[in-house]
Each structure stands twice: as C-alpha cells, then as structure tokens.
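All residue numbers for the sequence shown refer to this note's numbering, where the first residue is 56 and numbers rise by one. For every residue, glycine included, the Cβ atom is placed at its ideal position computed from N, Cα and C. Please read the structure below before turning to the comments.
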Amino acid sequence: RFDGAGNMFFVEMKNHLVRRVDAKTHTISTVAGTGQPGFSGDGGPATRARLKVPHSIALDDRGNLYICDIGNHRIRRVNLKSGTISTFAGTGEKKPTPDGASLKGTPLNGPRALDYAGNGQLVLALREGNAVYRIDLDKRTLHHVAGTGQKGYTGDGGSAKTARLSGPKGIAAGPGGDIYLADTESHTIR
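See below:
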C-alpha cells in the first residue's frame, strides 16, 4: 500500500512486522511489531507491540494504518503521526461476527484482508467467517455485506448476502462502491 506521499507500506507476515519504505530516501523502517509473535502494546509505540501473523493492511485518509492481525483475531490501528498502536476491532476470540454490531466487544471470525473504501469506510474479509463486512469508522460499527458464513460457492447473480464464500483472503474497494473479493478456496474473483 502507498500513502499520499508515495511511501510504501508492506507486511512481513512470518516476521510479525509491518514495514515502510520512504519514498524520498528509500530507507526501510519498521512501523509496527517487534519481530516476535504475540499480543501486546496497545496504547504504546507500535514498534514495541507484538503482532501475530499480520496479513493485510490498509491506510485511511486520516493518517491511520489498519492491520489484520490474524493470529490475534483483531484489527490493530496505528496512528502514523504519533506511532501509537491500539486494538481497533476484535476481542481475540474466533467467534461469529454479528451484523450492525459496535466494534467494541465484538469478535471477528478470521479477519484476513481489508481495504479503505473512502468516505470513512473500510471493507473487511473474514476468511473463517466466509463473509464480508463494511466498517463505518465514524460510527464504529460493522455491517454485513456478503456471504452467509457457510463455506461454499453459490450465489452468482443473486444477493451478495445469500452467497456462499470459500475462505476469502483478499479484498479491494472499487469505484462506485463495488467490492472485489479473492475467494481463495473457490479459485475465483467475485
């Protein structure tokens, strides 16, 4: 992912890190993680926090970086101005994610991929939950967009909410509100 200044952010999943390459100096630095797996650091410097198998990241237009910390079943947020990390969503429990719920106290069933869709919205793919959610950053709520929660491959041409998904691992917000999904185990882009 790239920020507005052209700096590149990427995940080193097996090293439990998020890194940044400066657009001007081409210097690489750590943004989040210590290199050791685990869960720690909320409220402190992101470079002293432990992540566990980070998978996907997204940058919003408010100066925040979001991390799918899949080993901890959470989305972590780094304020890029202060360098502080916090748990943005998820409880650490791998349980079903209800529609319309507040981010606070709501479990995420396998948060695997996310993207910033603009207008204060993130889109989130839950691999084990076989579903897609929209996150309203201002209201701090989750809204079900696609997938029944049951694994499978059905629903093309019908309502996205009644379609079965198979382990979605990638997501991209497109123009006009479209969402593109890498439905990994069905070997399709939906």
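Whole-angstrom C-beta distance between residue j and residue i, which should lie under 8 Å
i, j, result
"D115", "L192", "7 Å"
"A78", "A60", "6 Å"
"H110", "G90", "The Cβ separation is near 16 Å, so there is no contact."
"A218", "G202", "6 Å"
Inter-residue spacing [alpha-carbon to alpha-carbon] between residue i and residue j
i, j, result
"H198", "G99", "29 Å"
"K224", "R103", "27 Å"
"A113", "T196", "17 Å"
"T85", "G213", "43 Å"
"E240", "I190", "24 Å"
"D211", "G147", "32 Å"
"P153", "T161", "8 Å"
"M68", "G93", "13 Å"
"F65", "V76", "9 Å"
"Y188", "A101", "26 Å"
"Y208", "K216", "13 Å"
"D58", "L220", "31 Å"
"E243", "S95", "Note that residue 243 is Thr in the sequence shown, not Glu. In a straight line, the C-alpha of T243 is about 36 Å away from that of S95."
"N174", "N185", "25 Å"
"I83", "V200", "36 Å"
"Q205", "K149", "15 Å"
"A228", "D238", "15 Å"
"D124", "R74", "14 Å"
"A172", "T80", "29 Å"
"K194", "Q176", "10 Å"
"G145", "D233", "25 Å"
Contacting residues, own chain, Cβ-Cβ under 7 Å from residue i (five flanking each side not counted)
i, result
"G118", "N134, L135 and K136"
"R182", "G165, R167, G222, P223 and K224"
Own chain, CB closer than 8 Å to residue i, minus 5 neighbours either side, in chain order
i, result
"F143", "Y121, R129, I130, R131, R132 and L158"
"R105", "H71, G88, T89, Q91, P92, G93, F94, S95 and G96"
"T139", "G98, G99, P100, A101 and V133"
"A156", "T196 and L197"
"K107", "H71, P92, G93, F94, D124, I125, G126 and N127"
Sequence-distant residues of the same chain with beta carbon closer than 6 Å to residue i, five excluded per side
i, result
"P151", "N164"
"I226", "A168, D170, V178, A180 and L236"
"M63", "F57 and V76"
"R245", "L236 and D238"
"S141", "D97 and R132"
Task: Every unbroken beta strand (DSSP E) inside the region 173-216 [3 residues or more] - done: 176-181, 186-191 and 196-201
TODO: Tell me the start and end of each unbroken beta strand (DSSP E) in the region 60-128 that is at least 3 residues and wholly inside, in chain order.
DONE: 63-67, 72-76, 83-87, 109-114 and 119-124
Open item on the list: For the region 124-138 against the region 153-171, do three or more pairs of beta-carbon atoms, one drawn from each stretch, fall closer than 8 Å, so that the two count as touching?
Closed with: Here the region 124-138 lies against the region 153-171, with 3 or more beta-carbon pairs under 8 Å apart.
TODO: Would you list, in sequence order, the uninterrupted beta strand (DSSP E) runs of no fewer than 3 residues that lie entirely inside the region 130-177?
DONE: 140-144 and 166-173
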